[in-house]
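A.B. asks: Chain order of the listed sequences is R and P.
In terms of our numbering, the numbers along the first sequence are unbroken and rise by one, the last being 319.
In terms of our numbering, the numbers along the second sequence are unbroken and rise by one, the last being 1233.
Idealized CB from N, CA, C, for every residue including glycine.
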Amino acid sequence: MGFLVRSPGLLASVQGSGRPGFLRSGIAEGGALDLKSLAIANLLAGNAPGEAGLEMTLAGAELEFTLGNVVAIAGADMEPRLNGEAAPMYRSFAVQPGDVLAFGPARSGCRAYLAFAGGLELPLVMGSKSTNLNCGIGGYRGRGLKAGDFLRFAAPLAPLRIAVRRVEGRRIAPAEGFGSPVAVLRVIPGPQAESFTEAGLEAFYGGEYAVTARSDRMGSVLEGPAVGAKGPTDIVSDGIPLGGVQVPSGGQPIAMLADRQTTGGYAKIAVVIDADLGTLAQRRPGDRVAFSRVSLGVAQRASRREAAALAALARRLGS
Amino acid sequence: MPRPSVAPAGDRAIVVSFGEEISEELNDAVLALDGRLQSERIEGVLETQPTYRSLLVRYDPDRASFRSLARRLRRLADGGAPAGAGPARVVEIPVAYGGPYGEDLPDVVRHAGLSEEEVVARHCSRDYRIYMLGFLPGFAYLGGMDEALATPRLPTPRKAIPAGSVGIGGAQTGIYPQRSPGGWRLIGRTPLRPYDPDRDPPFLYGAGDRIRFRPVSEAEFLDLEARIEAGEA
């Protein structure tokens, strides 16, 4: 028993910490695009940070519970409502059989995460519950959710009232708004940065790029000042790291995300640092980004700070 | 061979690039470094991804610094040719050519100006190097097809090609590991599943292996397919 999908919204899929280890075979790590928001939702629900929950994009789902549990929401604000009343974000709460949890369009941010205490009962495919939509594997039948789908809880807290009390009502301060007009993404210069002209690099680092509607879980397709190259930007295919920003011949960059193709033949001007991938994933079509060069030291310290903050949160919540 | 470049690919990966062309020599160097890394089990190295001409090394910066890892990679890459590397593993792929399995075989026959038997014989006559996997899960970039078989892609790609289809696109040949759209000319199909997420291991081959196509009759194809379906093969 778990919940019925009354409506999936624009795109709802099961996502956890991903499926690392198969780059050499052509499958990217996948998983939640904003891992930090997923982790916060999970910690609030008493789960491990990478447990699989629901990732909802731009417009959220409507779910009807057939079994009680504790859930938590983080990430984009889709104005969640429980039986018509405003439901909290960044705070765990109990749901009862018959309750309807409905999400609307995102007011700010792009992706909301819903975590279920005890996780979802789904098979591990190649070691993961995360859905890879292109490969058609993982999650619920390898695809995004559809109306009428029924997902089961793996180990819901409902039958154990004491456990519910322990987890229910946990809260943390919400993340800073995702709605800033321009998000600055820190990057490390990419493996083919020398393929671009001085003017091209200036355009890239000095300009602002809008996220287009062609963006998906594979990549954020950007539009802004064209990035000029010294010659053709086609290269002999090379591995594409997570966050790699490639520039096809048109000069418009594409930032590659968790479900990207693992190899590609376009020059990579830069790579978005790990700590800023969540910020990028929360940009929605029309939102703008800018790129700022940082050193490896700065990037890795930023990651460590994020990890330490999550660890502190986990300690505080006693999970 | 020039010295490889070792550079960051973001803050959690390093790319070791040996050059910018498709050649067996460069790919050998990539695979040799990959092999050495696999056997050395360096602290902090999470995963490696060999490509035509580079090796992407994903690492955990809390367990290995870029500097120390880059130094180590440079040293390992300078080891030169894959000394002591055994002969490549050959994976035999049974293929039913032509007919309903390879609808576009007549196009290749016409384009090559050879008989159908000759086209099939040439396609099976050599072992193909797997340079890398990418594009789709388990899709192998193969090298070394007989140039006489090169045939332009279809003017309009098909919306769905069955898994196991063997095709020719320009000077390349390959196997579609899963049902997908595609524009290659289909010349045959294998009953094997190059990629099966529910099998362990999910992939039949990896970079550095060789593919050898073996022509089979329709009867043998159906028999193999039934045995694979039943989990016996």
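1) Alpha carbon to alpha carbon, how far is Asp-1127 (chain P) from Glu-1218 (chain P)? Give it in angstroms, no decimals.
2) Taking the alpha-carbon positions, what's the Ala-226 (chain R) to Val-289 (chain R) distance?
3) Thinking just about the alpha-carbon of each residue, which of P:Leu-1076, P:Asp-1107, P:Pro-1008 is nearest to the one in Ser-1039 (chain P)?
4) In or out: Asn-83 (chain R) buried (at least 16 other Cβ within 10 Å) or exposed?
5) Could you tell me how far apart the beta carbons of Gly-1174 (chain P) and Phe-1139 (chain P) are, in whole angstroms, since I believe they sit closer than 8 angstroms?
6) Answer yes or no: does any C-beta atom of chain P fall closer than 8 angstroms to that of Gly-241 (chain R)?
7) Does the CB of Asp-274 (chain R) have a neighbour CB from chain P at under 8 angstroms?
8) Considering only residues of the region 1169-1223 of chain P, which uninterrupted beta strand (DSSP E) runs meet the minimum length of 3 residues and lie entirely inside it, listed in chain order?
9) Looking at Val-211 (chain R): is its Cβ nearer than 8 angstroms to the Cβ of Arg-107 (chain R)?
10) Using C-beta distances below 6 angstroms, list every residue in its chain close to Thr-1156 (chain P), excluding the 5 sequence neighbours before and after it, in chain order.
11) Do the region 238-255 of chain R and the region 162-171 of chain R touch if we need at least three Cβ pairs shorter than 8 angstroms?
12) Give the single residue among P:Leu-1224, P:Gly-1208, P:Ala-1207, P:Asp-1209 whose Cα lies nearest to the Cα of Pro-1215 (chain P).
13) Quick one: complete alpha helix (DSSP H) runs, 4+ long, within the region 265-318 of chain R?
14) List the residues of chain R whose Cβ lies closer than 8 angstroms to the Cβ of Phe-1139 (chain P), in chain order.
15) Taking only beta-carbon atoms, is Ile-73 (chain R) less than 8 angstroms away from chain P?
16) Specify the secondary structure class of Asn-134 (chain R) as computed by DSSP and reduced to three states.
17) Who are the Cβ neighbours of Gly-1206 (chain P) in its own chain at under 8 angstroms, not counting the five residues just before and after it?
18) Within the continuous alpha helix (DSSP H) that includes Tyr-205 (chain R), where are the two ends?
19) Within 8 angstroms (strictly less), CB to CB, does Ile-1022 (chain P) reach chain R?
20) If you draw a straight line from the C-alpha of Phe-116 (chain R) to the C-alpha of Leu-11 (chain R), how long is it?
21) Over what stretch of residues does the alpha helix (DSSP H) that includes Asn-42 (chain R) continue unbroken?
22) Quick check: the Cα distance between Leu-1069 (chain P) and Pro-1202 (chain P), rounded to an integer number of angstroms?
23) When you compare only the Cα positions, how much space is there between Ser-37 (chain R) and Gly-1188 (chain P)?
24) Under 7 angstroms Cβ to Cβ from Leu-1204 (chain P), same chain only, skipping five residues before and after it: list those, please.
25) Measure the CB-CB distance between Asp-234 (chain R) and Ser-1054 (chain P) and report whether it falls below 8 angstroms.
26) Comparing the C-beta of Ala-1160 (chain P) with each C-beta of chain R, is any distance below 8 angstroms?
27) So, with DSSP's three-state summary, where would you put Asp-238 (chain R)?
28) Can you find a CB in chain R that lies within less than 8 angstroms of the CB of Leu-1133 (chain P)?
29) Chain R beta carbons: is any one of them nearer than 8 angstroms to that of Gln-1049 (chain P)?
30) Check the Cβ of Ala-299 (chain R) against every Cβ in chain P and list those closer than 7 angstroms, keeping chain order.
31) Quick check on this structure: which residue in R:Leu-4, R:Val-184, R:Pro-97, R:Phe-22 has the alpha carbon closest to the alpha carbon of Thr-320 (chain R)?
32) Please report the straight-line C-alpha distance between Gly-169 (chain R) and Gly-138 (chain R), rounded to a whole angstrom.
33) Which one of P:Asp-1198, P:Tyr-1097, P:Gly-1182, P:Thr-1151 has the shortest CA to CA distance from Ala-1121 (chain P)?
34) Between the alpha carbons of Lys-129 (chain R) and Leu-122 (chain R), how many angstroms are there, rounded?
35) Which residue from P:Pro-1181, P:Arg-1036, P:Ala-1112, P:Thr-1051 puts its Cα closest to that of Lys-1159 (chain P)?
36) Given that a residue counts as buried once 16 or more other Cβ atoms are within 10 Å of its Cβ, and exposed if not, what is Thr-1048 (chain P)?
C.D. replies: Let me spell this out:
1) As a first step, residue 1218 (chain P) is located in the second sequence; it is residue number 218 there, counting from the start. As a first step, residue 1127 (chain P) is located in the second sequence; it is residue number 127 there, counting from the start. For the pair Glu-1218 (chain P) and Asp-1127 (chain P), the Cα-to-Cα distance works out to about 23 angstroms.
2) Here residue 226 (chain R) is taken as the residue at index 226 of the first sequence, counted from 1. Here residue 289 (chain R) is taken as the residue at index 289 of the first sequence, counted from 1. Using only the alpha carbons, I get a separation of about 14 angstroms.
3) Residue numbering aside, residue 1039 (chain P) sits at position 39 when the second sequence is read from its first letter. Relative to the Cα of Ser-1039 (chain P), the nearest Cα in the group P:Leu-1076, P:Asp-1107, P:Pro-1008 belongs to P:Leu-1076.
4) One-based indexing of the first sequence puts residue 83 (chain R) at position 83. Exposed: under 16 other Cβ atoms inside 10 Å.
5) As a first step, residue 1174 (chain P) must be located in the second sequence, where it is residue number 174. As a first step, residue 1139 (chain P) must be located in the second sequence, where it is residue number 139. Yes, they are in contact, since the Cβ atoms of Gly-1174 (chain P) and Phe-1139 (chain P) sit about 7 angstroms apart, within 8 angstroms.
6) By one-based count along the first sequence, residue 241 (chain R) stands at place 241. Note on identity: in this sequence residue 241 (chain R) is Pro, with Gly being the wrong assignment. Pro-241 (chain R) counts as touching chain P.
7) Here residue 274 (chain R) refers to the residue found at position 274 of the first sequence. By this cut-off, Asp-274 (chain R) is an interface position.
8) Listed in chain order, the complete beta strand (DSSP E) runs (minimum 3 residues) inside the region 1169-1223 of chain P are 1172-1175, 1180-1182, 1185-1189, 1210-1215.
9) Taking the first residue of the first sequence as position 1, residue 211 (chain R) is located at position 211. Taking the first residue of the first sequence as position 1, residue 107 (chain R) is located at position 107. Not a contact, by the Cβ cut-off of 8 angstroms.
10) Here residue 1156 (chain P) is taken as the residue at index 156 of the second sequence, counted from 1. Setting aside the 5 residues that flank it on each side, Thr-1156 (chain P) has no residue in the same chain whose C-beta is closer than 6 angstroms to its C-beta.
11) The answer is no - the region 162-171 of chain R does not touch the region 238-255 of chain R, with fewer than three Cβ pairs under 8 angstroms.
12) In the second sequence, the residue the question calls residue 1215 (chain P) occupies position 215. Nearest Cα to Pro-1215 (chain P) within the set P:Leu-1224, P:Gly-1208, P:Ala-1207, P:Asp-1209: P:Leu-1224.
13) DSSP assignment within the region 265-318 of chain R yields the following whole alpha helix (DSSP H) runs of 4 residues or more, N-terminal first: 277-281, 296-317.
14) Translated into positions along the second sequence, residue 1139 (chain P) becomes position 139. Neighbours of Phe-1139 (chain P) on chain R, chain order: Gly-26.
15) Sequence index remark: in the first sequence, residue 73 (chain R) carries index 73 (1-based). No, its Cβ sits nowhere closer than 8 angstroms to a Cβ of chain P.
16) Along the first sequence, read from residue 1 onward, the residue named residue 134 (chain R) stands at position 134. Asn-134 (chain R): coil per DSSP, three-state reduction.
17) Walking along the second sequence from the start, residue 1206 (chain P) turns up at place 206. Result list for Gly-1206 (chain P): Ile-1130, Leu-1133, in chain order.
18) For the purposes of this step, residue 205 (chain R) is taken as residue 205 along the first sequence, with counting starting at 1. Bounds of the alpha helix (DSSP H) holding Tyr-205 (chain R) are 198-206.
19) One-based indexing of the second sequence puts residue 1022 (chain P) at position 22. Judged by the 8 angstroms Cβ criterion, Ile-1022 (chain P) is in contact with chain R.
20) Looking up residue 116 (chain R) in the first sequence gives position 116. Looking up residue 11 (chain R) in the first sequence gives position 11. In this structure, the straight-line span from the alpha carbon of Phe-116 (chain R) to that of Leu-11 (chain R) is close to 18 angstroms.
21) Residue numbering aside, residue 42 (chain R) sits at position 42 when the first sequence is read from its first letter. 35-44 is the span of the alpha helix (DSSP H), which, as asked, contains Asn-42 (chain R).
22) In the second sequence, residue 1069 (chain P) corresponds to position 69, counting from 1. In the second sequence, residue 1202 (chain P) corresponds to position 202, counting from 1. In a straight line, the C-alpha of Leu-1069 (chain P) is about 30 angstroms away from that of Pro-1202 (chain P).
23) To locate residue 37 (chain R), count along the first sequence from 1; it is residue 37. To locate residue 1188 (chain P), count along the second sequence from 1; it is residue 188. The alpha-carbon separation between Ser-37 (chain R) and Gly-1188 (chain P) amounts to approximately 47 angstroms.
24) Taking the second sequence and counting its residues from 1, the one referred to as residue 1204 (chain P) is at position 204. Excluding its 5 nearest sequence neighbours in each direction, Leu-1204 (chain P) has C-beta neighbours in its own chain below 7 angstroms: Val-1091, Leu-1192, Pro-1194, listed in chain order.
25) Taking the first sequence and counting its residues from 1, one reaches residue 234 (chain R) at position 234. Taking the second sequence and counting its residues from 1, one reaches residue 1054 (chain P) at position 54. Not in contact: Asp-234 (chain R) and Ser-1054 (chain P) (Cβ atoms no closer than 8 angstroms).
26) Translated into the one-based positions of the second sequence, residue 1160 (chain P) becomes position 160. Closer than 8 angstroms: no.
27) Within the first sequence, numbered from 1, the residue matching residue 238 (chain R) stands at position 238. For Asp-238 (chain R), the secondary structure class from DSSP, reduced to helix, strand or coil, is strand.
28) Counted from its first residue, the second sequence places residue 1133 (chain P) at position 133. Yes - at least one Cβ of chain R is within 8 angstroms of the one on Leu-1133 (chain P).
29) In the second sequence, residue 1049 (chain P) corresponds to position 49, counting from 1. At a cut-off of 8 angstroms, the C-beta of Gln-1049 (chain P) has a neighbouring C-beta in chain R.
30) For the purposes of this step, residue 299 (chain R) is taken as the residue at position 299 of the first sequence. Neighbourhood of Ala-299 (chain R) in chain P, by CB distance below 7 angstroms: Asp-1011, in chain order.
31) Outside the displayed range of chain R (1 to 319) lies residue 320 (chain R), so it cannot be described from this structure.
32) In the first sequence, counting from the first residue as 1, residue 169 (chain R) sits at position 169. In the first sequence, counting from the first residue as 1, residue 138 (chain R) sits at position 138. Taking the straight line from one Cα to the other gives about 31 angstroms.
33) The residue you call residue 1121 (chain P) lines up with position 121 of the second sequence. Comparing C-alpha distances from Ala-1121 (chain P) to each of P:Asp-1198, P:Tyr-1097, P:Gly-1182, P:Thr-1151 shows the shortest one belongs to P:Tyr-1097.
34) Position 129 of the first sequence, counting from 1, holds the residue named residue 129 (chain R). Position 122 of the first sequence, counting from 1, holds the residue named residue 122 (chain R). Approximately 7 angstroms, taken between the alpha carbons.
35) One-based indexing of the second sequence puts residue 1159 (chain P) at position 159. Nearest C-alpha to Lys-1159 (chain P): P:Pro-1181.
36) Along the second sequence, one-based indexing puts residue 1048 (chain P) at 48. Per the 10 Å Cβ criterion, buried.
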